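Novice: Have a look at the structure that comes next, please.
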Amino acid sequence: MNTAAQDHAAVRALRDARRRKRLVSLEWFELAYKVYVVALVAIVAVALL
Numbered sequence: 079m080n081t082a083a084q085d086h087a088a089v090r091a092l093r094d095a096r097r098r099k100r101l102v103s104l105e106w107f108e109l110a111y112k113v114y115v116v117a118l119v120a121i122v123a124v125a126l127l
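See below:
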């Protein structure tokens, strides 16, 4: 039987592995699109304030 600390460590390791895999598979144009969308939302937010 696992302890709470072991369970927490296992979940943390799985989360970290998923994050690394997601970052490795990220394409440059996907990243550029995300930056574009965030910048556009920021400009609209500033314009409306």
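Quick note: the sequence shown, position 16, residue 94 per my numbering, numbers continuous. C-beta: ideal position from N, C-alpha, C; glycine also. A quick note: this is a predicted structure, and the numbers were derived from the prediction, not measured.
Which class does leucine 104 belong to by DSSP, given the choice of helix, strand or coil?
Specialist: coil
Novice: Quick one: grab the DSSP three-state call for leucine 126.
Specialist: helix
Novice: Using a Cβ-Cβ cut-off of 7 Å (strictly less than) and excluding sequence neighbours within five positions of valine 102, which residues of its own chain qualify?
Specialist: none
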